[in-house]
Amino acid sequence: MAMDDEMEKNLGDEILRYLSKHPHASDTAEAIALWWLRRQRYEESVVHVQQVLDKLELRGLVTKTVLVDGTVLYGASQEESGLDI
33 MAMDDEMEKN
43 LGDEILRYLS
53 KHPHASDTAE
63 AIALWWLRRQ
73 RYEESVVHVQ
83 QVLDKLELRG
93 LVTKTVLVDG
103 TVLYGASQEE
113 SGLDI
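Here the sequence shown is numbered in the numbering used here, starting from 33 and rising by one per residue.
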């Protein structure tokens, strides 16, 4: 399966971002695909999800509850029956 130039650049950038955060890391191609890239994508998606949740909360579409231990939970707003994003 051939990779286009943009896909190759994006994958290279992703690997280099991981290495900049973990400069002593080294692994096989299989492990890099399985662990490094999965972890990198997970960490980036958490940031994006948090940004969206913050905006939805500001709009009153979700509620935020902070538990005693500091864990933050999000759920449907009681005021909104339709979650039109």
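All C-beta atoms in this analysis are idealised placements derived from N, C-alpha and C, irrespective of residue type, glycine included. Source: prediction; values computed, not measured.
* Asked: Cβ of S77 within 7 Å of Cβ of T95?
  -> 7 Å or more divides the Cβ of S77 from the Cβ of T95.
* How many whole angstroms separate the CB atoms of W68 and I47, which I take to be in contact at a CB cut-off of 8 Å? -> 7 Å
* Find out if the Cβ-Cβ distance for the pair L105, T97 is shorter than 7 Å. => yes
* What first and last residue would you give for the beta strand (DSSP E) that runs through G44? -> Taken as a continuous stretch (DSSP letters only), G44 belongs to no beta strand (DSSP E), being part of the alpha helix (DSSP H) at 37 to 53.
* How long is the line joining the alpha carbons of H56 and R71, rounded to whole angstroms? -> 16 Å
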